[in-house]
Amino acid sequence: MKHTFTFEEYGQRYGEKVAGWWVDGCYPFIGYDDEKLGILARALKPDGPNQQGTQMAIAELEVYE
C-alpha cells in the first residue's frame, strides 16, 4: 500500500488546501480487508481543523455469472 505514503505526504505538504479525499474501489474481492482499510484510513486522517474526516463505505458485492 505504497500509495498511503502519497496521501500522508500530500496532506502534510498542502495542509488546509486539502479539504478531504474521495476513495473508491477498496473492495474485498481485490484484496482490501480490515487491516488494509485501517492503514488507508490512518493515512487519510485530517491534519487540520477545517479538513473533513475520512469515511469509507464498503459494499458487499455479489458477482453474477
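Residue numbers (the working numbering): 363 to 427. Positions of the beta carbon are idealized from the N, C-alpha and C atoms, including for glycine.
Coarse secondary structure for Gly387, derived from DSSP in three states: The sequence position of residue 387 within the sequence shown is 25, counting from 1. Secondary structure of Gly387 (DSSP, three-state): coil.
task: Give the straight-line distance between the Cα atoms of Gly400 and Tyr394, rounded to the nearest whole angstrom.
output: For this step, residue 400 is matched to residue 38 along the sequence shown. For this step, residue 394 is matched to residue 32 along the sequence shown. Answer to the nearest angstrom: the Cα atoms are 10 Å apart.
query: Taking Cβ to Cβ, would you say Trp383 is nearer than 7 Å to Leu406?
result: In the sequence shown, the residue the question calls residue 383 occupies position 21. In the sequence shown, the residue the question calls residue 406 occupies position 44. For Trp383 and Leu406, yes; Cβs fall inside 7 Å.
query: Is Gly373 closer than 7 Å to Val380 when the C-beta atoms are compared?
result: To locate residue 380, count along the sequence shown from 1; it is residue 18. To locate residue 373, count along the sequence shown from 1; it is residue 11. In this structure, the beta-carbon distance from Val380 to Gly373 falls below 7 Å.
task: Classify Phe369 as buried or exposed, calling it buried when 16 or more other Cβ atoms lie within 10 Å of its own Cβ.
output: Taking the sequence shown and counting its residues from 1, one reaches residue 369 at position 7. With 16 or more Cβ atoms within 10 Å of its Cβ, Phe369 is classed as buried.
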